[in-house]
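Okay, so here's the structure we're looking at.
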Amino acid sequence: MEARNWFEVVVHDDSSPFSEIQHYTVQGIDFSHHFRFHYAELDDLTPIIEQHELRPNRSGDPIQIHGLPKWYAPPSANMDSATFSRDGSEPILFVVDHAKQIAFFEFIHP
5 MEARNWFEVV
15 VHDDSSPFSE
25 IQHYTVQGID
35 FSHHFRFHYA
45 ELDDLTPIIE
55 QHELRPNRSG
65 DPIQIHGLPK
75 WYAPPSANMD
85 SATFSRDGSE
95 PILFVVDHAK
105 QIAFFEFIHP
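Residues in the sequence shown are numbered from 5 upward in steps of one, following this note's numbering.
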């Protein structure tokens with residue numbers, strides 16, 4: 005399945021406002037999905053935040069840190085980024101780099 009299709013299945017959002025979508029998944033006992041994509045308008049990200057009930061998070065540290073591709077490198081929390089997350093049995097980390105208009109979405113499924 006191509007990255008755009010995975011985006012719509014995992015993120016549960018229309019992928020058309022976004023470009024250069026990259027996807028990486030790790031299969032195992034738990035599996036994870038990692039996305040990196042460009043956005044044109046900050047408002048295009050609101051449906052993702054609302055759909056997953058994401059809350060502001062100051063950390064921005066990836067949930068999974070081993071074996072990720074080099075292109076999946078969310079910025080550390082700073083003035084040019086915003087971080088949102090959801091805890092629980094299916095955690096999500098969503099990092100938005102305002103300066104580069106790139107977003108990173110990480111989803112862990114047990």
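Glycine included, C-beta positions come from ideal geometry on N, C-alpha and C.
query                                                                                                                                                : result
Could you check the C-alpha separation between T87 and A107 for me, to the nearest Å?                                                                : 10 Å
When you compare the segment 5-21 with the segment 42-58, are there three or more beta-carbon pairs, one atom per stretch, that lie closer than 8 Å? : yes
When DSSP builds the beta bridges, which residues end up paired with S85?                                                                            : D101
By DSSP's criteria, H42 is part of a beta bridge. Which residues make up the other side?                                                             : S23, I106
According to the neighbour-count rule (16 or more other Cβ atoms, all chains shown, within 10 Å of its Cβ), is I25 buried or exposed?                : buried
Among L58, T29, F22, which one has its Cα closest to the Cα of Y43?                                                                                  : F22
Just reading off the alpha helix (DSSP H) that R8 is part of, what are its end residues?                                                             : 7-14
Just mark V13 as buried or exposed, buried being the case when its beta carbon has 16 or more other beta carbons within 10 Å.                        : exposed
Do N61 and S89 have their C-beta atoms closer together than 9 Å?                                                                                     : yes
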